[in-house]
Amino acid sequence: MERLEIKKIEPEERYNLLGLSRNPFPSDGALLEPPRVITFPDKRLKEELENFLNALLHGGGVTKEGRALIGEYGSGKTFYLKMVHYLVKKEFPNVASFYIQYPGYGFHDFTGSIVRAIGLGNIVRKLWSVIREELLKRVKENDLNWYYTIFPSEKGKYAWFGTSLQEHILSDYRTFFDFAKKQRANVDAILSIFSKIIEKSVGINANSARKLSRILMESHYKSYFDWEDIAPKRRKEIGDYEFLSAILSLIKKVDNYSFILILLDEFEEIPASKRFTVKEATDYEYTIRRLFDLASALPLGIIIAMVPTAWELTKEYCEPLASRLLRPIRIQPLDKDGAKKLIVAYLNDAREEKEALFPFPDNLWELLPDIVREKPRNLLNFCHETIEIAASRRTSIDEILIKEIADMWIAEFRERKG
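Take 1 as the starting number for the sequence shown in this note's numbering and just add one per residue.
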């Protein structure tokens with residue numbers, strides 16, 4: 001279908017007739033990463049999310065529960081999860097938030113998604129900070145047994161510790177392992193000593209501590225290092241939830257987080273997947289439920305977004321998980337007030353703050369077709385396109401222009417539907 005012509009105008013003049021410094025709406029309706037505007041057009045949903053986060057932050061005790069964010073396809077689940085994610089990152093530096101989309105069909109994949117979200121390099125640096133802190137403490141106390149155990153060839157030699165050790169051997173993990181390679185260090189001793197330090201300092205079991213120690217060691221010796229190098233996927237493997245809990249415990253300890261928030265998007269792919277048997281889906285959901293149990297000392301909060309049918313399947317096949325996702329939060333369609341709040345929030349990012357819909361007409365909501373009203377993403381996309389066309393034509397945004405673009409949207413929608 002032929003599109004409306006968009007003419008080129010100098011950037012500094014393009015939007016001034018519309019009272020804007022630029023077009024503040026994302027071109028495809030998707031949130032920028034990170035978004036410039038953080039807003040919640042659904043007031044009720046915002047209050048429920050705030051209550052949940054406040055309970056985690058200020059509840060005064062350990063929480064083991066999460067929330068299910070329920071909405072139809074295209075209702076804005078991703079929009080709201082990302083708003084929560086970036087709001088937490090911006091306003092709550094003492095909270096670790098991880099947004100995971102398409103968490104996978106097994107707990108192994110889910111754990112890998114978390115690891116990649118944190119970043120293997122970030123995990124390695126945090127592990128080394130724990131190791132280095134303990135070893136420097138021992139040096140200060142003149143306890144050098146660890147050094148001679150790792151470097152047996154150094155026994156009987158005068159070691160120049162203090163500043164030299166801090167700045168050279170323990171300055172960073174690369175320097176340490178380069179020195180270890182040069183001195184033909186006892187690798188088994190490194191693994192044993194590091195594992196015991198991590199186990200005690202982070203407060204995790206010996207098996208998980210040993211795995212984390214291997215991450216630190218192997219990351220230096222391999223040119224390319226990924227999650228599959230840590231834990232190769234094996235057929236029928238559900239996954240190591242204790243290991244994931246250990247990683248999250250490490251993040252919380254090193255960065256001194258109050259709690260950890262995990263946001264799972266597109267969860268409907270798990271219980272409703274045709275490629276996933278009922279038993280496998282149930283095992284997966286039980287494993288996440290076990291994570292709730294293991295994470296009681298973190299504490300850990302989880303928000304899982306899913307469609308209503310997935311929620312019903314979860315309640316049917318994994319009641320223990322559903323019971324932990326107390327009081328599901330249901331997304332309602334955008335209404336006139338919510339749409340205005342969303343549009344005004346974006347407009348204010350490109351003008352002096354005000355409550356007016358200008359340059360859009362006050363009756364914009366009544367002029368919009370249903371396909372624009374039903375999704376926040378479509379609304380933002382429509383606003384972007386309208387501003388671009390008005391700016392190109394050097395004209396105001398009136399009912400005629402809104403109807404012209406709305407008709408184009410309707411025609412394209414019908415064309416896609418065949």
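For every residue, glycine included, the Cβ atom is placed at its ideal position computed from N, Cα and C.
All values derive from a computational prediction rather than experimental measurement.
Exercise. For the beta strand (DSSP E) holding residue 98, just list the boundary residues, first then last.
Key: 95-101 is the extent of the beta strand (DSSP E) around residue 98.
Quiz item: If you compare alpha carbons, which of 52, 114, 396, 201 is closest to residue 18?
Solution: Comparing Cα-Cα distances from residue 18 to each of 52, 114, 396, 201, the minimum goes to 396.
Quiz item: By Cβ distance, which residues of its chain are closer than 7 angstroms to residue 176, with the 5 residues on each side in sequence left out?
Solution: Contacts found: 169, 170.
Quiz item: Taking the C-alpha atoms as reference points, what is the distance between residue 155 and residue 209?
Solution: Taking the straight line from one Cα to the other gives about 28 angstroms.
Practice problem: Starting from residue 67, follow its DSSP beta bridges and name the residues at the other end. | Solution: Among the bridge pairs identified by DSSP, residue 67 is matched with 303.
Practice problem: Could you tell me how far apart the beta carbons of residue 342 and residue 376 are, in whole angstroms, since I believe they sit closer than 8 angstroms? | Solution: Taking a contact as a CB-CB distance under 8 angstroms, the pair residue 342 and residue 376 counts as one, their CB atoms being some 6 angstroms apart.
Practice problem: Just confirm the distance between the C-beta atoms of residue 250 and residue 212, as a whole number of angstroms; I'd bet it's less than 8 angstroms. | Solution: 7 angstroms between Cβ atoms; contact.
Quiz item: Which residue spans inside the segment 331-361 form an unbroken alpha helix (DSSP H) run of at least 4?
Solution: The segment 331-361 contains these whole alpha helix (DSSP H) runs: 336-347.
Quiz prompt | Beta-carbon spacing of residue 328, residue 55 below 7 angstroms | solution = Remark: C-beta atoms of residue 328 and residue 55 do not approach each other more closely than 7 angstroms.
Quiz prompt | residue 120 and residue 216 closer than 7 angstroms at C-beta | solution = In this structure, residue 120 keeps its C-beta atom at 7 angstroms or more from the C-beta atom of residue 216.
Exercise. Identify whether residue 172 lies in helix, strand or coil by the three-state DSSP scheme.
Key: Of the three classes helix, strand and coil, the one that applies to residue 172 here is coil, per DSSP.
Exercise. For residue 42, count neighbouring Cβ atoms within 10 angstroms of its own Cβ and tell me buried if that reaches 16, exposed if not.
Key: Buried.
Quiz item: With contact counted as at least three CB pairs below 8 angstroms, one residue from each stretch, are the segment 333-340 and the segment 373-391 in contact?
Solution: Put simply, the segment 333-340 touches the segment 373-391. At least three CB pairs are less than 8 angstroms apart.
Quiz prompt | N-terminal and C-terminal residue of the alpha helix (DSSP H) that residue 398 is part of | solution = Per DSSP, residue 398 belongs to no alpha helix (DSSP H) and is neither H nor E.
Quiz item: Nearest to residue 174 by CA position, among 403, 53, 220, 205, is which residue?
Solution: Residue 220 is the option with its Cα nearest to residue 174.
Quiz item: Can you tell which of 414, 324, 391 has its C-alpha closest to the C-alpha of residue 421?
Solution: Past the edges of the chain, shown from 1 to 418, lies residue 421, and the structure says nothing about it.
Quiz item: Residue range of the beta strand (DSSP E) that residue 259 falls in?
Solution: From DSSP, the beta strand (DSSP E) with residue 259 extends over 259-265.
Self-check item: Presumed contact (8 angstroms Cβ cut-off) between residue 389 and residue 80, rounded CB distance
Solution: The beta-carbon separation of residue 389 and residue 80, rounded to 29 angstroms, does not stay under the 8 angstroms limit for a contact.
Practice problem: Go ahead and pull the three-state DSSP assignment for residue 405. | Solution: Looking at residue 405 - three-state DSSP - the assignment turns out to be helix.
Quiz item: Looking at residue 261 and residue 97, is the spacing between their C-beta atoms short of 7 angstroms?
Solution: Judged by their CB atoms, residue 97 and residue 261 are nearer to each other than the 7 angstroms cut-off.
Quiz item: Where does residue 205 land, buried or exposed, given buried means 16+ other C-beta within 10 angstroms?
Solution: Residue 205 sits exposed, since fewer than 16 C-beta atoms from the chains shown fall within 10 Å of its C-beta.
Quiz item: Taking the Cβ atom as the reference point for each residue, do residue 198 and residue 134 lie within a distance shorter than 7 angstroms?
Solution: For the pair residue 198 and residue 134, the CB atoms are not nearer than the 7 angstroms cut-off.
Quiz prompt | Own chain partners of residue 27 with C-beta closer than 6 angstroms, once the 5 adjacent residues on each side are dropped | solution = 384, listed in sequence order.
Exercise. From the DSSP output, read off the bridge partner residues of residue 131.
Key: Per DSSP, none; premise fails for residue 131.
Quiz item: My guess is that residue 277 and residue 318 are in contact by the Cβ rule of under 8 angstroms, so how many angstroms apart are they, rounded?
Solution: Taking C-beta atoms under 8 angstroms as the contact rule, residue 277 and residue 318 fail to qualify, at a distance of about 14 angstroms.
Quiz item: The alpha helix (DSSP H) spanning residue 253 covers which residue range?
Solution: Counting along the chain, the unbroken alpha helix (DSSP H) around residue 253 starts and ends at 241-255.
Practice problem: Determine which residues share a DSSP beta bridge with residue 329 and list them. | Solution: Bridge partners of residue 329: 69.
Self-check item: Sequence-distant residues of the same chain with beta carbon closer than 6 angstroms to residue 345, five excluded per side
Solution: Taken in chain order, the residues that qualify are 37, 39.
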